[in-house]
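> Below are the structure tokens for one structure; questions will follow.
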Amino acid sequence: MYENLLLAFGLTLFAGLATGIGSLISLFTSRTNTKFLSLTLGFSAGVMIYVSMIEIFFKAKVALTSELGDQLGNWMTVIGFFGGMLLIAVIDKFVPASSNPHEVKKVEDMNLTSSEIEEAALLKMGTFTALAIGIHNFPEGIATFTSALQDPGLGIAIAVAVAIHNIPEGIAVAVPVYFATGDKKRAFKLSFLSGLAEPIGAIVAFLILMPFLNDVMFGMIFAAVAGIMVFISLDELLPASKRYDSGHLSIYGLIAGMAVMALSLLLFIQ
96 MYENLLLAFG
106 LTLFAGLATG
116 IGSLISLFTS
126 RTNTKFLSLT
136 LGFSAGVMIY
146 VSMIEIFFKA
156 KVALTSELGD
166 QLGNWMTVIG
176 FFGGMLLIAV
186 IDKFVPASSN
196 PHEVKKVEDM
206 NLTSSEIEEA
216 ALLKMGTFTA
226 LAIGIHNFPE
236 GIATFTSALQ
246 DPGLGIAIAV
256 AVAIHNIPEG
266 IAVAVPVYFA
276 TGDKKRAFKL
286 SFLSGLAEPI
296 GAIVAFLILM
306 PFLNDVMFGM
316 IFAAVAGIMV
326 FISLDELLPA
336 SKRYDSGHLS
346 IYGLIAGMAV
356 MALSLLLFIQ
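Just so you know, we're using the working numbering here: the sequence shown kicks off at 96 and counts up by one.
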């Protein structure tokens with residue numbers, strides 16, 4: 096397990112800093128490719144839902160039932176799964192709607208004039224959005240890190256899915272900050288830094304959880320990770336994908352994500 100430490104940290108860093116890609120898109124393009132956005136968000140949701148329900152939940156169940164017995168192990172798996180959902184739901188509850196990263200922004204939002212929205216309010220919104228995304232990314236960092244530590248193939252799949260869904264979050268930070276300040280570097284920097292919460296989550300997982308990472312702890316973390324990822328997919332990715340849908344792109348992306356994840360599980364993940 097410990098031989099995968101550098102890979103686990105690297106994957107978590109890659110996933111978190113994808114917010115910087117979103118900010119670059121918003122700062123150097125004039126329009127959002129909504130068809131591509133819908134397809135990729137659906138794809139990310141498909142990857143997350145499939146890997147959570149088919150692989151991560153199953154691994155959590157195996158770990159917990161082997162240590163605690165079938166009855167208690169099954170109960171603890173379900174408790175961990177819904178506990179992960181509750182955790183991310185509580186985080187959402189305390190994030191103001193205007194700065195919630197689930198409210199996806201588009202590049203065109205930068206075309207608003209200063210008379211329409213007060214600059215100070217926009218800067219505050221961008222800053223709070225960066226903070227909100229950082230809070231959301233923290234448990235995602237733990238999820239990516241612990242998954243990669245246990246199974247590198249699984250960690251790669253989760254890191255890619257998380258990175259895809261972090262791209263529009265980068266736009267959500269960069270758009271209001273750039274509009275308020277006119278400073279592309281500042282907008283990019285704040286967006287980029289908001290993604291650092293994921294590798295910080297990995298560091299916390301390593302320093303605090305690793306000394307206690309036995310099969311029971313691993314099973315509970317994995318069950319919670321599955322719940323977190325399913326919640327994010329249903330609450331954030333799919334609604335955003337449908338919002339920019341053209342035809343059935345969101346569902347096609349969802350199915351494609353599931354298919355790619357299923358194929359990778361068959362070919363690469365033991």
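Think of the CB as a built atom: it goes at the ideal place given N, C-alpha and C, for glycine as much as any other residue.
1) What number of angstroms, rounded off, separates the C-alpha of Met353 from the C-alpha of Leu288?
2) Report the three-state DSSP secondary structure of Tyr339 (helix, strand or coil).
3) CB Ile251 to CB Leu159, shorter than 8 Å?
4) Do you know how far the Cα of Thr276 is from the Cα of Val261?
5) Kindly confirm or deny that the stretch 102-122 and the stretch 318-325 touch, where touching means at least three C-beta pairs closer than 8 Å.
6) Please state whether the Cβ-Cβ distance between Glu293 and Gly236 is less than 8 Å.
7) Could you tell me how far apart the beta carbons of Ala162 and Val355 are, in whole angstroms, since I believe they sit closer than 8 Å?
8) Against chain C, does Val185 count as a neighbour if the rule is that its beta carbon must be under 8 Å from one of theirs?
9) List in chain order: all unbroken beta strand (DSSP E) runs of 3+ residues lying wholly within the stretch 126-200.
10) What's the call for Lys188, buried or exposed, on a 16-neighbour Cβ count within 10 Å?
11) Quick check: the Cα distance between Gly175 and Leu167, rounded to an integer number of angstroms?
12) What is the residue span of the alpha helix (DSSP H) that Ser345 lies within?
13) Tell me which residues share the same chain as Gly296 and place their Cβ nearer than 6 Å to its Cβ, disregarding the 5 neighbours each side in the sequence.
14) Under the three-state reduction of DSSP, which class applies to Leu329: helix, strand or coil?
15) For my contact list, Phe326 and Met180 are in at a C-beta cut-off of 8 Å; report their separation, rounded to the angstrom.
16) Where Ser147 and Ala300 are concerned, what is the direct C-alpha to C-alpha distance, given to the nearest angstrom?
17) Asp246: buried (16+ other C-beta within 10 angstroms of its C-beta) or exposed?
This is what the structure gives:
1) 30 Å
2) coil
3) no
4) Going by the sequence as given, residue 261 is Asn instead of Val. Take the alpha-carbon of Asn261 and the one of Thr276: they are about 23 Å apart.
5) no
6) yes
7) Per the sequence shown, the amino acid found at residue 162 is Glu instead of Ala. Glu162 to Val355, Cβ: 32 Å. No contact.
8) Although the question refers to chain C, the structure presented lacks it and comprises just one protein chain.
9) Whole beta strand (DSSP E) segments, 3+ residues: zero.
10) exposed
11) 12 Å
12) In the DSSP assignment, Ser345 falls within the unbroken alpha helix (DSSP H) covering 344-362.
13) The beta carbon of Gly296 is closer than 6 Å to those of Phe233, Gly236, Ile237 in its chain, skipping five residues each way along the sequence.
14) helix
15) 5 Å
16) 19 Å
17) buried
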